[in-house]
Amino acid sequence: MKSRLQLFRNLTLALSLCGLITACDVHEMPDIPENEPFVIRLNFDTDMTPWHHTVKKTEVAEMSLGDPAPSMSDNGIMRYVVRVYPLQNGREVSPQQCVKEFVYEKSVYDGYDNTLTAALPSGDYKVMVWADMREISSDTPFYFTDNFVEMTLQGEHHGNTDLRDAFRGSADISLAASIAVHTPDTVDVTMQRPLAKYEFISTDLKEFIDKEVQNALARGEVAEVAGDKTPSRDVDTDDYQIVFYYTGFMPCAYNMFLDKPVDSSSGVSFSSKITQLNETEASIGFDYVLINGKDASVTTQIAIYNKDGKQISLTDPISIPLMRSRHTILRGSFLMQEATKGLVINPEFDGEYNLIIL
Numbered sequence: 001m002k003s004r005l006q007l008f009r010n011l012t013l014a015l016s017l018c019g020l021i022t023a024c025d026v027h028e029m030p031d032i033p034e035n036e037p038f039v040i041r042l043n044f045d046t047d048m049t050p051w052h053h054t055v056k057k058t059e060v061a062e063m064s065l066g067d068p069a070p071s072m073s074d075n076g077i078m079r080y081v082v083r084v085y086p087l088q089n090g091r092e093v094s095p096q097q098c099v100k101e102f103v104y105e106k107s108v109y110d111g112y113d114n115t116l117t118a119a120l121p122s123g124d125y126k127v128m129v130w131a132d133m134r135e136i137s138s139d140t141p142f143y144f145t146d147n148f149v150e151m152t153l154q155g156e157h158h159g160n161t162d163l164r165d166a167f168r169g170s171a172d173i174s175l176a177a178s179i180a181v182h183t184p185d186t187v188d189v190t191m192q193r194p195l196a197k198y199e200f201i202s203t204d205l206k207e208f209i210d211k212e213v214q215n216a217l218a219r220g221e222v223a224e225v226a227g228d229k230t231p232s233r234d235v236d237t238d239d240y241q242i243v244f245y246y247t248g249f250m251p252c253a254y255n256m257f258l259d260k261p262v263d264s265s266s267g268v269s270f271s272s273k274i275t276q277l278n279e280t281e282a283s284i285g286f287d288y289v290l291i292n293g294k295d296a297s298v299t300t301q302i303a304i305y306n307k308d309g310k311q312i313s314l315t316d317p318i319s320i321p322l323m324r325s326r327h328t329i330l331r332g333s334f335l336m337q338e339a340t341k342g343l344v345i346n347p348e349f350d351g352e353y354n355l356i357i358l
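The sequence shown: position 178 = 178 (full-length UniProt numbering), numbered continuously.
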């Protein structure tokens, strides 16, 4: 009888142990996730500071600084190129060791700021972001960004468009593996321009129009109307082409790791139009220039051509002072200037504007 009772107790104990083992299987610790999600919050510093100068021939004089104000395009598609690199020795990054790359696009209609999501294994990383724009009707942004070591303009140099604006930023983030449900870590990236902008405003628009009207009268191309005090009606400013010639080197490649230009080109030019601002002033062209964080400059000559491709005006070389996120505004009598050096004009106009300095 005792042996049977002992056997029953042993069976009961064994069944109880099996139940405990089964219960432990139900409450196993979950696996540590392979990737940790995180959020990238892009905050754009779009302010530009007007920097006013006057120009007399080749002499550029600084006048005043305006108040910083947001400068944004309201029409276009912004591209966000994000690359993530593991941090080495605490802070160092190797450009060849990108572990994550993704590209987002959105309309600039609602502004530039954006919030992106990603996931990576636990570790310490540097997040680097480049943002540029393209026209809605085009699939090609203005910058070639396959390599953050050397980013260049795509195709021909495009001046006189605010879609050439661009921004860069970077920040570090540490991702720790966790089995608990938690809010993803957030890294804030401040996006700033590696660029300066300049613009030429000609203050002799009225004199230029009057001169062109008199020239047209002398050629018999327009009839004089007695008592007419508005000769501008006989001049269509769209008939004139402005061409900016960079007479020195123009920065053409930017290294995001060094945060400065690393190459430049010669023989760069772009075309523009006369945009009337008021009775006496007109904007005749602007451009964006890649520069480092210090003072910089580029040199340009401005030529004006009529509808037949004949050059009717040319400035001397003008050195343009530049600083990042400043809008250098140069005012002067550019439409009526004549260069002090001789000039040879190509008489066979074929749609190209040729400048030959003697």
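Note that the Cβ used here is the ideal one computed from N, Cα and C, for glycine as well.
Identified DSSP bridge partners for residue i
{"i": "Asn255", "result": "Lys260"}
{"i": "Met250", "result": "Ser265"}
{"i": "Thr152", "result": "Phe144, Ala253"}
{"i": "Ser297", "result": "Pro321"}
{"i": "Pro37", "result": "Ala119"}
{"i": "Ile242", "result": "Ser272, Ile304"}
{"i": "Leu163", "result": "Bridge partners of Leu163: none, in fact."}
{"i": "Pro70", "result": "Asp47"}
{"i": "Met133", "result": "Met78"}
{"i": "Val84", "result": "Lys100, Val127"}
{"i": "Glu92", "result": "Gln88"}
{"i": "Leu42", "result": "Asn114, Val189"}
Buried versus exposed call for residue i [16 or more other C-beta atoms within 10 Å across all chains shown]
{"i": "Glu36", "result": "buried"}
{"i": "Thr186", "result": "exposed"}
{"i": "Ala226", "result": "The predicted model places Ala226 with a pLDDT of 48, which falls under 50 and marks its position as unreliable; any figure quoted below should be read in that light. Its Cβ having fewer than 16 others within 10 Å, Ala226 is exposed."}
{"i": "Arg193", "result": "buried"}
{"i": "Val109", "result": "At residue 109 the sequence reads Tyr, which differs from the Val that was named. The residue in question, Tyr109, is exposed, as its Cβ has fewer than 16 Cβ neighbours within 10 Å."}
{"i": "Ser107", "result": "exposed"}
{"i": "Pro251", "result": "buried"}
{"i": "Cys24", "result": "With a pLDDT of only 39 at Cys24, under 50, the local geometry of the prediction cannot be trusted, and the value read off the model is given with reservation. So Cys24 counts as exposed."}
{"i": "Gln88", "result": "exposed"}
{"i": "residue 362", "result": "With the chain represented from 1 up to 358, any question about residue 362 goes unanswered, as that position is not in the structure."}
{"i": "Met78", "result": "buried"}
{"i": "Val213", "result": "buried"}
{"i": "Glu338", "result": "exposed"}
{"i": "Gly332", "result": "buried"}
{"i": "Glu301", "result": "The displayed chain sequence assigns Gln, not Glu, to residue 301. Under this definition Gln301 is a buried residue."}
{"i": "Ala176", "result": "exposed"}
{"i": "Lys229", "result": "In this prediction, Lys229 scores a pLDDT of 47, lower than 50, which makes its location untrustworthy; the coordinate-derived value is nonetheless stated afterwards. That one is exposed."}
{"i": "Asp287", "result": "buried"}
{"i": "Gly159", "result": "buried"}
{"i": "Asn114", "result": "buried"}
{"i": "Val103", "result": "exposed"}
{"i": "Lys126", "result": "buried"}
Segment limits, beta strand (DSSP E) that includes residue i
{"i": "Arg114", "result": "The amino acid occupying residue 114 in the given sequence is Asn; Arg does not appear at that position. That run of the beta strand (DSSP E) goes 114–120."}
{"i": "His157", "result": "No beta strand (DSSP E) contains His157, which DSSP labels as neither H nor E."}
{"i": "Glu199", "result": "195–202"}
{"i": "Ile284", "result": "282–290"}
{"i": "Arg331", "result": "326–332"}
{"i": "Ala61", "result": "59–65"}
{"i": "Gly169", "result": "167–175"}
{"i": "Asp47", "result": "47–56"}
{"i": "Glu105", "result": "100–107"}
{"i": "Asp188", "result": "185–191"}
{"i": "Ser313", "result": "311–314"}
N-terminal and C-terminal residue of the alpha helix (DSSP H) that residue i is part of
{"i": "Phe208", "result": "205–218"}
Supposed contact pair residue j and residue i - C-beta distance, whole angstroms, cut 8 Å
{"i": "Pro86", "j": "Asp124", "result": "7 Å"}
{"i": "Leu195", "j": "Ala166", "result": "6 Å"}
{"i": "His327", "j": "Thr49", "result": "7 Å"}
{"i": "Ala69", "j": "Asp47", "result": "6 Å"}
{"i": "Val99", "j": "Phe257", "result": "Incorrect: roughly 16 Å between the Cβ atoms, too far for contact."}
{"i": "Ser264", "j": "Phe244", "result": "That belief does not hold up - the Cβ atoms of Ser264 and Phe244 are roughly 16 Å apart, past 8 Å."}
{"i": "Thr190", "j": "Asp45", "result": "6 Å"}
{"i": "Gly76", "j": "Met133", "result": "4 Å"}
{"i": "Leu163", "j": "Glu135", "result": "6 Å"}
{"i": "Asp172", "j": "Asn43", "result": "About 16 Å separates the two Cβ atoms, so there is no contact after all."}
{"i": "Thr275", "j": "Ser283", "result": "4 Å"}
{"i": "Ile209", "j": "Ala118", "result": "Not confirmed; about 56 Å, so no contact."}
{"i": "Leu322", "j": "Ala296", "result": "5 Å"}
{"i": "Ile320", "j": "Leu330", "result": "7 Å"}
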